[in-house]
Each structure stands twice: as structure tokens, then as C-alpha cells.
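Sequence positions in the sequence shown follow our numbering and run 2 to 400. Every residue gets a Cβ at the ideal spot worked out from N, C-alpha and C, and that includes glycine. The structure displayed is predicted, hence computed values, not measured ones.
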Amino acid sequence: MDISIVLSDRLSERASHIQPAQTLAIAARAKQMKKEGIDVVSFSTGEPDFDTPEPISEVGVEAIRSGFTHYTDAKGTPELRKAVANKFVRENGLPSTPSTVLVSSGGKHSLFNTMMAILNPGDEVIIPAPYWVSYPEMVRLLGGVPVILETSAEERYKITIDQLLAAITPNTKALIINSPSNPTGSMYTPDQLREIGKLVADVGFYVISDELYEKIIHVDINHFSIGSMPELATLAITVNGVSKAWAMTGWRIGFMTGPEDVVKAASAIQSQTTSNPCSISQKAALEAIFNSADEATRLREAFTKRREFMGSLLADIPDIKYPAPDGAFYYFIDASSYRTDRTPDSIALAEYLLVEHHVAVVPGVAFGDDRGFRISYACSDDDIRKGVERIAQGLANLR
């Protein structure tokens, strides 16, 4: 054959520009240091430190023993989709049916399927910062344009209607709302979400509501699903899952509901890429949704106690700013007053704290806010005490 091809572009342009998640990179480095015998406290984790509740795990084991190890419907089993739809209707007031539910391999997969279904190159997606690390990367991967709205600790890291209105252009395709938020723990009140929803409906773009942390709420704010607003019936897409509420991150089950045409398109995408989520995990997720509300409450109560404990220790560190988290299991710390020639940005600060003080935090730049870092209280009280003490000492040494 006379044809010879030289692959000058070995990687696609998409792959060349995608960035690995810094949250995972920091956690991996902390684990490696621990393997080397270094006493590292890791505040970088984005998952509960508890094991999956035993009754849920037992259902997964039984699924294996009974041979439930084959393909299922690509959209998820009918039983699980019915349970998810009922949950969305009962708990969230969403107009969901089994035909408008797609079960995927984790909430991240649900979000990506959603964006694959609605985004064209050049479409703009409004993302409040600090944001979950994967939102803008997913948008860019699909040729979209992330439009980042900056917030502050004083505003509890929430956007205002004026900000949102100013960000809307003819190219706006969607807004992403994450409440409670990773990385800040902040929640929008029902009234704030209704105000946002009214603007979305008036203008006519999508709102993607990431509600993975809805069952981990520490304050007296009712969780409100923006998709329950009747005027958003054709515009709201809600993403949720079992990972956070039931400590099931490794089981990889997430789900979405929304307009029938969007869910149908996302289902077709999934059928041609990953097909069904893990059959065994689907059985376990069904048990979580049907019979494990008490387990979710137990985990939430433990996180609430840790939130209070970590907050009491952070209060003794001067010149940092943070709102106490309403939900999830993170504090997002504005430590910009500790910038020095040695720590000019959040990556340098995180590196300094890890290498010299053996505490792993995630640099704020990973979340679109270079003023500080995220710390997780998904760890023991002893680790919380040691870790905050090390942060306090590290920051003091910069003065």
C-alpha cells in the first residue's frame, strides 16, 4: 500500500484542552505521601468517609449471588426509574414519570449526558463561581462557552438577579445551579430560586439544577427544586443521585429528570456510549431510595456535628472569611489576606500547606475562585482538629 500517514495530531483538540480534576489530583498526592509514611491530614476528599450502610450493601451482594449481573435497559431498570420518578414527585414536587427519568453511572454522567443533549458549539452556559470543578470543563469539551459569575463570602457565594440578568446574551443556553453547593455549602432559599426561575422562564433558556447534596442540610432552610415551578416544565433539568446521601460514591448511580425530549436525547446518547449503569448498583440504589431514609438522616446528623466542630476551630484563625455552610460537607475559605511572595495564588498556598504542614486542601482556582481553598469535614473529629491546627500554624507562619 502506497499511503503513509503521519499522525501529527495524535490527540483530538478536545482532549488536548481538557484539564484533569484538581480535586482528585490533590487527594491522590496526599494518599501517596501517606504511603510514604508521612502523617498527612486530607481535607481534599469529595465523598463521605462512611461505608455504605450495611442493608444497602447486602442488597448489592444478593444481586450478585442471584445472578443479576447482566445488561439492563440502557435507561436503567423500570423498577429503579419508577422509584426515582416517585421520589422526584413526592420529595421535590417535580413533574416526573418513569419515561422522563434516565439512570446513569453517577451524577457526573447525568450532567454530561444532559449537556451532550442540549449544547451546540458556541452555546453559553452561565456558571456561578465558586463552582464544582467539572462544570466548565464539560461545557468546553462540547464546544460551549462557560460564562463565569463571580461571588463572594459576603454574599454567601450566591449570584444576584442583577448579575444573572447582565450575563444573559442571545447565545445563552443554560444556567447551572448547585444548591447546596460544592464547594461552598451555600444554599439558595426557595424565594431566591423562584426569582431566578421566573427570569429563566421569561427569557427562555435551560436551568440545570444539581441537587446531589439535597439530603445533607444543616440549617433551617427547606430544600427547593427549581424544576417544580410550573413555568419551567420545558426548561428545567434536575440531576441527583445516591452517592452523597448514602455514602455510595463508588457504586456510581446518578439520575436526571426533565423535559421528555431532553431525556430522550440523553438516553439515546447513553445507549451509544456506556449503555446501562451497573446492574448490581441499580439494585442497591433501589434499596437506598425505598428503605434507607433513616440511614441518610444518620449520616446528615454526623456531618452537622462535624460542621459545628470544624467551625469552632476555624473561628480562631484570624483574617480568613467564610460563610458557615448550609449543607454538603465543605467550608470554602477566603485566605487572600495571606498572600505572600511565597504563596501568590491558591495553588502555591495549597502546595505549601501540603508539603510543609502535611494538610491537604483543594486550591480555590480549581473551583474558579483563586482567593482561597476548600476543606472537607468528611473525616474524623481527630483529623478535623489536627488539620485545622496545621492550617492555622501554616497561615501564621506566613505572617
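Margin query: Can you confirm whether the segment 325-335 touches the segment 295-314 when touching is taken to mean that 3 or more C-beta pairs between the two stretches lie within less than 8 Å?
Written below: The segment 295-314 is in contact with the segment 325-335.
Next item on the list: Spell out a yes or no on whether the segment 355-369 and the segment 281-294 are touching, meaning 3 or more CB-CB pairs, one atom from each, closer than 8 Å.
Entry: No: fewer than three Cβ pairs fall under 8 Å.
Margin query: Check this for me: beta carbons of L213 and I162, under 8 Å apart or not?
Written below: Annotated as distal: L213 and I162, with beta-carbon spacing of 8 Å or more.
Next item on the list: Would you kindly report the start and end of the unbroken beta strand (DSSP E) that includes S210?
Entry: Start and end: 207-211.
Next item on the list: Go ahead and label T70 buried or exposed: buried means 16 or more other beta carbons lie within 10 angstroms of its beta carbon, across all protein chains shown.
Entry: T70 is classed as exposed because its beta carbon has fewer than 16 other beta carbons within 10 Å across all chains shown.
Notebook entry, point to check: Just the Cα atoms here: how many angstroms apart are P184 and A22?
Noted result: Each residue's Cα considered, the two are about 14 Å apart.
Margin query: Taking only three categories from DSSP, how would you classify P129?
Written below: In the three-state reduction of the DSSP assignment, P129 falls in the strand class.
Notebook entry, point to check: Is it buried or exposed for A248, if we count other Cβ within 10 angstroms and need 16 for buried?
Noted result: A248 should be labelled buried.
Notebook entry, point to check: Ordered along the chain, which non-local residues of its own chain (more than five positions away) have a Cβ less than 6 Å from that of D211?
Noted result: In chain order, N179, V240 place their CB closer than 6 Å to the CB of D211, counting only its own chain and leaving out the 5 sequence neighbours on each side.
Checklist line | Beta-carbon proximity of A267 to L233, cut-off 8 Å | finding: Going by C-beta atoms, A267 is not nearer than 8 Å to L233.
Notebook entry, point to check: Quick one: Cα of T173 to Cα of V126, how far?
Noted result: C-alpha separation (whole angstroms): 6 Å.
Checklist line | Range of the contiguous beta strand (DSSP E) that encloses N277 | finding: Taken as a continuous stretch (DSSP letters only), N277 belongs to no beta strand (DSSP E), as it is neither H nor E.
Margin query: Taking 8 Å as the threshold (C-beta atoms), are S187 and R141 in contact?
Written below: Here R141 is not near S187, since their CB atoms are 8 Å or more apart.
Note to self: If you reduce the DSSP assignment to three classes, tell me which class P96 lands in.
What the structure shows: DSSP places P96 in coil when its eight states are reduced to three.
Notebook entry, point to check: Measuring CB to CB, does T152 end up less than 8 Å from E261?
Noted result: Between T152 and E261, the CB-CB gap reaches or exceeds 8 Å.
Next item on the list: Could you say which of K216, L143, R386 lies nearest to F113 if we only look at CA atoms?
Entry: The residue from K216, L143, R386 with its alpha-carbon nearest to that of F113 is L143.
Margin query: Under 8 Å: do the segment 268-278 and the segment 105-122 share three or more Cβ pairs, one atom per stretch?
Written below: Yes: at least three Cβ pairs fall under 8 Å.
Next item on the list: Identify whether A234 lies in helix, strand or coil by the three-state DSSP scheme.
Entry: Looking at A234 - three-state DSSP - the assignment turns out to be coil, as it is neither helix nor strand.
Next item on the list: Work out the CA separation of A349 and R340 for me, nearest whole Å.
Entry: The C-alpha of A349 is placed about 9 Å away from the C-alpha of R340.
Next item on the list: Check each candidate in I227, V243, K76 and name the one with the smallest Cα separation from L300.
Entry: When each option's Cα is compared against that of L300, the closest is V243.
Margin query: Which residue marks the beginning of the alpha helix (DSSP H) containing M116, and which one marks its end?
Written below: The continuous alpha helix (DSSP H) containing M116 extends over residues 108-119.
Checklist line | Proximity below 8 Å, CB of P278 to CB of G77 | finding: When the beta-carbon positions are compared, P278 and G77 come within less than 8 Å of each other.
Item checked: Proximity below 8 Å, CB of I403 to CB of P181 -> A question about residue 403 goes unanswered here, because the residues of the chain that appear run from 2 up to 400.
Next item on the list: With DSSP as the reference, label V102 as helix, strand or coil.
Entry: It is a strand residue.
Check: Shortest alpha-carbon distance to K216 belongs to which of I209, V208, F225?
Finding: Comparing alpha-carbon positions, the option among I209, V208, F225 lying closest to K216 turns out to be F225.
Notebook entry, point to check: Under the three-state reduction of DSSP, which class applies to S347: helix, strand or coil?
Noted result: Helix, per DSSP.
Checklist line | Simplified DSSP state of K387, which is helix, strand or coil | finding: Under the three-state reduction of DSSP output, K387 falls in the helix class.
Item checked: Length of the line joining the Cα atoms of R11 and M139 -> Pairing R11 with M139, the inter-Cα distance amounts to about 21 Å.
Next item on the list: To the nearest angstrom, report how far apart R343 and K36 are at their CA atoms.
Entry: Pairing R343 with K36, the inter-Cα distance amounts to about 27 Å.
Notebook entry, point to check: For G259 versus I238, is the C-beta distance shorter than 8 Å?
Noted result: Contact flag set, yes.
Note to self: My assumption, with CB atoms under 8 Å, is that S280 sits in contact with T73. Please give the rounded CB distance.
What the structure shows: With a contact defined as Cβ atoms closer than 8 Å, S280 and T73 qualify at about 5 Å.
Item checked: H18 burial status per 10 Å Cβ neighbour count (16 or more: buried) -> Residue burial annotation: H18 is exposed, with fewer than 16 other C-beta atoms found within 10 angstroms of its C-beta.
Note to self: Going by DSSP, what residue range makes up the alpha helix (DSSP H) through L315?
What the structure shows: In the DSSP assignment, L315 falls within the alpha helix (DSSP H) that extends over 294-315.
Notebook entry, point to check: What is the C-beta distance between F44 and I318, in whole angstroms, given that I count them as a contact (C-beta under 8 Å)?
Noted result: About 14 Å; that fails the 8 Å criterion.
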